[in-house]
């Protein structure tokens, strides 16, 4: 079977699976976030943390809940890593150095899961399961809560109340992430992923002597890593490791998990604002970008030049033979168009244009379909920008879902868009201007530049993948990427929640003959164009120095 045919069949199977899940999961999430009832386990949590789940919050209070919870998460995970050497189940590993402990704590709390360490050689069972896996659940639920708060901003009127953060957080974990994760972990175990708490042991004789591996609760961490668009691997090889991703079936299932909630949230959005067609318009925009990127990646990786490419059937360097070009390309696009960052291949070994596609996917803002929660609110912010531009072109006051887009709303949206590029381009420029960071580059020229640009693009966009030719385990990169991850995660949330509060306080504007129909394909096309233009103007000069220059020189 040719790589192209294999890719098409896998893509069709994936679309069919996502289509079957879209309606029931989207409707279920809408019921979860609209329900006034609290389950008994949820009440136990509320009692333990002293929260009143029925108290409505305005956006400043909602934001304080997000920031306070996340700050406690950073401190807890940092302390757990620093104390690892004294903890049971540490497998003999020592405590993590301060700069790396900060980087890892910031990474997992920010839903980035950037890893500048070898998981199987640094983290014991307690840190992996009690620290990192727990953050995989709660950081994903925080993103979903913020997205739902913005949706409520569109759905509600003449009130600044956006719901209760603690209720949204707990419900996201208990009613959505945990049930799916239990089923998903069983599927991965059936496919061959490991699930145990064994110590370090020899697994066989290899060239140079026996090889040692430690076990772990891999399947359970793998499923929430993908489902919550987290991305941090139990092992350094991430989803290219056979203990995490054993075969082609598990590979396709993991891609399905990555895309499941971000796509389904568009139906949740449509259900909560009272217009499923509005959700379909956002879904269509996401799907067009995702399918376009997937097709372009497969074409780029299969159309390599030269004898070696032709004999291998394409660009196989850095790719697992278990998955081939099709499975690797599908995974790479899914993981970089979302905030997942998991990898089943070596992105640094992709063709120049292929590496550029993975980078561009993150630079779009990871909105097609994006991270769990962050993809939806990122796309809705872009929709506000698109409506504003359309209003300027026709000379009318821009409106979206019955809410006027005025000075306050467009200021929040513009600030949201500017945060991440400022972090990415600013830290990249600083790293190239200084002497010490440049010593971490394995390659020179365009590819070396791409290594650093990719690292900060991944960190600030809360993706977590890397070109991997860059030695990021230094004080400079651990510190600056850690700062980029925290600011790239929580500063945009400030503007999203401020936007939500402003929208919720408005009185709905009645629809007229001149109202822009945002549920139509025409608006979806305008939204795609707006995304392309904004991203192109922001990142094209940097891309021209890196992956574009490398691709044209090939």
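Residue numbers (my numbering): 1112 to 1665.
Glycine included, each C-beta is placed from N, C-alpha and C at the ideal position.
Cβ pair residue i, residue j closer than 8 Å
{"i": "residue 1668", "j": "residue 1500", "result": "Examination of residue 1668 is not possible in this model, given that the chain is present from 1112 through 1665 alone."}
{"i": "residue 1567", "j": "residue 1534", "result": "yes"}
{"i": "residue 1117", "j": "residue 1571", "result": "no"}
{"i": "residue 1490", "j": "residue 1644", "result": "no"}
{"i": "residue 1057", "j": "residue 1375", "result": "Lying before the first or after the last residue shown, residue 1057 is absent from the chain, which here runs from 1112 to 1665."}
{"i": "residue 1576", "j": "residue 1342", "result": "yes"}
{"i": "residue 1395", "j": "residue 1380", "result": "no"}
{"i": "residue 1460", "j": "residue 1409", "result": "no"}
{"i": "residue 1122", "j": "residue 1405", "result": "yes"}
{"i": "residue 1253", "j": "residue 1280", "result": "yes"}
{"i": "residue 1384", "j": "residue 1197", "result": "no"}
{"i": "residue 1492", "j": "residue 1511", "result": "no"}
Status (buried if at least 16 other CB within 10 Å, exposed otherwise) for residue i
{"i": "residue 1336", "result": "buried"}
{"i": "residue 1622", "result": "exposed"}
{"i": "residue 1275", "result": "buried"}
{"i": "residue 1340", "result": "buried"}
{"i": "residue 1558", "result": "buried"}
{"i": "residue 1597", "result": "buried"}
{"i": "residue 1560", "result": "buried"}
{"i": "residue 1504", "result": "exposed"}
{"i": "residue 1293", "result": "exposed"}
{"i": "residue 1286", "result": "buried"}
{"i": "residue 1158", "result": "exposed"}
{"i": "residue 1546", "result": "exposed"}
{"i": "residue 1626", "result": "exposed"}
{"i": "residue 1232", "result": "exposed"}
{"i": "residue 1236", "result": "buried"}
{"i": "residue 1323", "result": "exposed"}
{"i": "residue 1160", "result": "exposed"}
{"i": "residue 1595", "result": "buried"}
Whole-angstrom distance between residue j and residue i, CA atom to CA atom
{"i": "residue 1258", "j": "residue 1313", "result": "46 Å"}
{"i": "residue 1446", "j": "residue 1580", "result": "19 Å"}
{"i": "residue 1147", "j": "residue 1484", "result": "21 Å"}
{"i": "residue 1524", "j": "residue 1304", "result": "42 Å"}
{"i": "residue 1602", "j": "residue 1124", "result": "38 Å"}
{"i": "residue 1163", "j": "residue 1184", "result": "20 Å"}
{"i": "residue 1544", "j": "residue 1538", "result": "10 Å"}
{"i": "residue 1457", "j": "residue 1282", "result": "36 Å"}
{"i": "residue 1590", "j": "residue 1494", "result": "34 Å"}
{"i": "residue 1502", "j": "residue 1616", "result": "21 Å"}
{"i": "residue 1302", "j": "residue 1354", "result": "10 Å"}
{"i": "residue 1475", "j": "residue 1242", "result": "30 Å"}
{"i": "residue 1251", "j": "residue 1327", "result": "22 Å"}
{"i": "residue 1367", "j": "residue 1298", "result": "12 Å"}
{"i": "residue 1414", "j": "residue 1647", "result": "25 Å"}
{"i": "residue 1486", "j": "residue 1321", "result": "45 Å"}
{"i": "residue 1465", "j": "residue 1412", "result": "7 Å"}
{"i": "residue 1129", "j": "residue 1431", "result": "25 Å"}
{"i": "residue 1359", "j": "residue 1208", "result": "37 Å"}
{"i": "residue 1666", "j": "residue 1306", "result": "Not covered by the structure: residue 1666. The range shown for the chain is 1112 to 1665."}
{"i": "residue 1115", "j": "residue 1426", "result": "13 Å"}
{"i": "residue 1532", "j": "residue 1653", "result": "11 Å"}
{"i": "residue 1142", "j": "residue 1378", "result": "12 Å"}
{"i": "residue 1569", "j": "residue 1655", "result": "18 Å"}
{"i": "residue 1170", "j": "residue 1578", "result": "38 Å"}
{"i": "residue 1246", "j": "residue 1387", "result": "32 Å"}
8 Å contact criterion, which residue i and residue j should meet: CB distance rounded
{"i": "residue 1668", "j": "residue 1173", "result": "In the structure as shown, the chain starts at 1112 and stops at 1665, and residue 1668 therefore has no counterpart that could be examined."}
{"i": "residue 1132", "j": "residue 1371", "result": "6 Å"}
{"i": "residue 1178", "j": "residue 1220", "result": "About 11 Å separates the two Cβ atoms, so there is no contact after all."}
{"i": "residue 1206", "j": "residue 1192", "result": "7 Å"}
{"i": "residue 1332", "j": "residue 1239", "result": "7 Å"}
Residues near residue i by beta carbon distance below 6 Å, same chain, minus five either side
{"i": "residue 1349", "result": "1453, 1454"}
{"i": "residue 1479", "result": "1397, 1400, 1401, 1448"}
{"i": "residue 1548", "result": "1542, 1587"}
{"i": "residue 1574", "result": "1450, 1452, 1473"}
{"i": "residue 1513", "result": "1619, 1620"}
{"i": "residue 1606", "result": "1523, 1526, 1527"}
{"i": "residue 1657", "result": "1557, 1560, 1561, 1564"}
{"i": "residue 1352", "result": "1346"}
{"i": "residue 1633", "result": "none"}
{"i": "residue 1519", "result": "1613"}
Spatial neighbours of residue i in its chain, beta-carbon cut-off 7 Å, leaving aside the 5 residues before and after
{"i": "residue 1369", "result": "1337, 1340, 1445, 1446, 1449, 1451"}
{"i": "residue 1362", "result": "1356, 1434, 1438, 1442, 1455"}
{"i": "residue 1585", "result": "1551"}
{"i": "residue 1507", "result": "1625"}
Any non-hydrogen atom of the ligand NAP closer than 7 Å to residue i Cβ
{"i": "residue 1225", "result": "Looking at this structure, you won't find the ligand NAP or any other ligand, since it has none at all."}
Sequence-distant residues of the same chain with beta carbon closer than 8 Å to residue i, five excluded per side
{"i": "residue 1152", "result": "1285"}
{"i": "residue 1289", "result": "1248"}
{"i": "residue 1639", "result": "1396, 1399, 1400"}
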